[in-house]
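Notes to accompany the following structure.
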Amino acid sequence: MVTHDKELPPIPLRSSQPQASGHPDAMSDPCRPRRGVHNSRERENEELRETNKRLQYQLRRLTVENSNLLDWKKHAEEEMEYHREIIEIQKGALKDIMAHTVTTTQHCRMSVKREQTERERGQTGHASLSRGTDTPMI
558 MVTHDKELPP
568 IPLRSSQPQA
578 SGHPDAMSDP
588 CRPRRGVHNS
598 RERENEELRE
608 TNKRLQYQLR
618 RLTVENSNLL
628 DWKKHAEEEM
638 EYHREIIEIQ
648 KGALKDIMAH
658 TVTTTQHCRM
668 SVKREQTERE
678 RGQTGHASLS
688 RGTDTPMI
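Be aware that the sequence shown starts at 558, since it is given in the numbering used here, and climbs by one per residue.
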């Protein structure tokens, strides 16, 4: 048995067991805890009960708070999903508007070109007609 790592308990100044005397604890059953020990255990048990009650109350409070936070999280996720759907609808509408704008712009440009070419043709036709009828070419 290795004893060099172990410490011996301090030597008590008084004996922990009562000596045979007129003290009431000395006459009682040695297996039964003394009054002071019993009271300290009762006090400790009472403190543990109180601590347990406080912890149970705190657990209930935290459970309610957790439930509230989970409800808030669920509501926030639903709201976020709703806004995502709106954004997707807006993206689709924006694509349609852009496509319409491009198409309209192309049609407009083609119309303007057509009008310009018609005007140019018309001006050229009028010039040859006016030259041919009004003044003879020399």
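All residues carry an ideal CB built from backbone N, CA and C; glycine is no exception.
Which value, in whole angstroms, describes the spacing of the CA atoms of Thr674 and Arg666?
12 Å
Between the alpha carbons of Val621 and Asn609, how many angstroms are there, rounded? 18 Å
_Could you tell me the alpha carbon to alpha carbon distance between Lys670 and His664, rounded to whole angstroms?_
10 Å
Open item on the list: In whole angstroms, give me the CA-to-CA distance for Arg617 and Arg611.
Closed with: 10 Å
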